[in-house]
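Residue numbers (the numbering used here), protein chains in the order written: chain U, 1 to 115; chain D, 1 to 113. C-beta: ideal position from N, C-alpha, C; glycine also. Note that the coordinates shown come from a computational prediction; the quantities given were computed from them, not determined experimentally. To start, the structure itself, in structure tokens.
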Amino acid sequence: GAGVSQTPSNKVTEKGKYVELRCDPISGHTALYWYRQSLGQGPEFLIYFQGTGAADDSGLPNDRFFAVRPEGSVSTLKIQRTERGDSAVYLCASSLIGTSAYEQYFGPGTRLTVT
Amino acid sequence: GENVEQHPSTLSVQEGDSAVIKCTYSDSASNYFPWYKQELGKRPQLIIDIRSNVGEKKDQRIAVTLNKTAKHFSLHITETQPEDSAVYFCAASNNQAGTALIFGKGTTLSVSS
Numbered sequence: 001g002a003g004v005s006q007t008p009s010n011k012v013t014e015k016g017k018y019v020e021l022r023c024d025p026i027s028g029h030t031a032l033y034w035y036r037q038s039l040g041q042g043p044e045f046l047i048y049f050q051g052t053g054a055a056d057d058s059g060l061p062n063d064r065f066f067a068v069r070p071e072g073s074v075s076t077l078k079i080q081r082t083e084r085g086d087s088a089v090y091l092c093a094s095s096l097i098g099t100s101a102y103e104q105y106f107g108p109g110t111r112l113t114v115t
Numbered sequence: 001g002e003n004v005e006q007h008p009s010t011l012s013v014q015e016g017d018s019a020v021i022k023c024t025y026s027d028s029a030s031n032y033f034p035w036y037k038q039e040l041g042k043r044p045q046l047i048i049d050i051r052s053n054v055g056e057k058k059d060q061r062i063a064v065t066l067n068k069t070a071k072h073f074s075l076h077i078t079e080t081q082p083e084d085s086a087v088y089f090c091a092a093s094n095n096q097a098g099t100a101l102i103f104g105k106g107t108t109l110s111v112s113s
């Protein structure tokens, strides 16, 4: 079946602008995660959704970052007043919740560049 | 919170040799330990994982070992091939109802033919 997809694949924006990044999880996966990966680093957790609700948003760096998942499927990560330090690859992952529920499968990421 | 350390940061081996990557974690409550392979510009791909109720798991040329007492786990790749060249990440989580993965900083593996 189709894997996790993310759009856009690349986004260049000017400092101070607003951006939205989209994630389509694997069909039937109830858990959705956002991570951020800077060059030469491992993915860093941002937020986790179980269904429509944010079950853990402890990784969001500040209140400029916000994410939604209104229907329990597609999620959008929103960044306000972007800063150059926000430049990174934003990865989305999804998983089932159940007896074999641990595996997280990643999308290809959105490379965000803030100029 | 959890902290995952990964070593070495780079590893170069000849084709056919074995490669070992080691990780340590700090939170004794962690119970799930996946390994991801990431090729340049690509998504992280899950290659193997281990849960805290087993000490070793093997899948063809790849194996993972876990020592809960010492809080460390390792990835072993045997008979390495050039296509094994990539960045490998270990991760840990306390996986109750889908919690976050905490990643190491990665190991760049280069396999030369």
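Alpha carbon to alpha carbon, how far is U/Glu-44 from D/Thr-65? Straight through space, the alpha carbons of D/Thr-65 and U/Glu-44 are spaced by roughly 24 Å.
State the Cα-Cα distance for the pair D/Lys-71 and U/Pro-8, rounded to the nearest angstrom. Approximately 39 Å, taken between the alpha carbons.
Give, in chain order, every unbroken run of the beta strand (DSSP E) that is at least 3 residues long and sits entirely within the stretch 34-99 of chain U. Unbroken beta strand (DSSP E) runs of no fewer than 3 residues, entirely contained in the stretch 34-99 of chain U, are found at 44-50, 53-56, 65-68, 75-79 and 88-95, following chain order.
Name the one or two DSSP bridge partners that D/Leu-66 has. As computed with DSSP, D/Leu-66 is found in a beta bridge with D/Phe-73.
Extent of the continuous beta strand (DSSP E) run through U/Val-4: Where U/Val-4 is concerned, there is no enclosing beta strand (DSSP E), given that its DSSP letter is neither H nor E.
Applying the criterion that 16 or more other CB atoms from any shown protein chain within 10 Å of the CB defines a buried residue, is D/Val-111 buried or exposed? By the 10 Å Cβ count, D/Val-111 comes out buried.
Runs of beta strand (DSSP E) wholly within the stretch 8-52 of chain D (minimum 3 residues, chain order): Complete beta strand (DSSP E) runs here, min 3: 10-14, 19-25, 32-38 and 45-51.
Between D/Pro-44 and chain U, is any beta-carbon pair separated by less than 8 Å? Closer than 8 Å: yes.
Could you have a look at D/Glu-83 and say whether DSSP puts it in helix, strand or coil? Three-state DSSP puts D/Glu-83 in a helix.
Have a look at D/Ser-171 and D/Leu-109 and give me their C-alpha separation to the nearest angstrom. Residue 171 of chain D cannot be examined here, being either before or after the span of chain D that is shown, 1 to 113.
With 8 Å as the threshold, decide whether the Cβ of D/Ala-100 is near any Cβ in chain U. At a cut-off of 8 Å, the C-beta of D/Ala-100 has a neighbouring C-beta in chain U.
Exposure label - D/Lys-37; buried when at least 16 CB within 10 Å: Looking at its Cβ environment, which holds 16 or more other Cβ atoms inside 10 Å, D/Lys-37 is buried.
Let's see if you can read the secondary structure: which residues bound the beta strand (DSSP E) around D/Leu-109? Residues 107-112.
What does the alpha-carbon distance come out to for the pair U/Tyr-48 and U/Val-68? The straight-line gap from Cα to Cα measures roughly 10 Å.
Find out if the Cβ-Cβ distance for the pair U/Arg-84, U/Val-114 is shorter than 8 Å. For U/Arg-84 and U/Val-114, yes; Cβs fall inside 8 Å.
How many whole angstroms separate the CB atoms of D/Thr-78 and D/Ser-28, which I take to be in contact at a CB cut-off of 8 Å? D/Ser-28 and D/Thr-78 do not touch by the CB rule: their CB atoms are close to 30 Å apart, not below 8 Å.
DSSP-derived helix/strand/coil call for U/Ala-31: In the three-state scheme derived from DSSP, where H, G and I count as helix and E and B as strand, U/Ala-31 is classed as strand.
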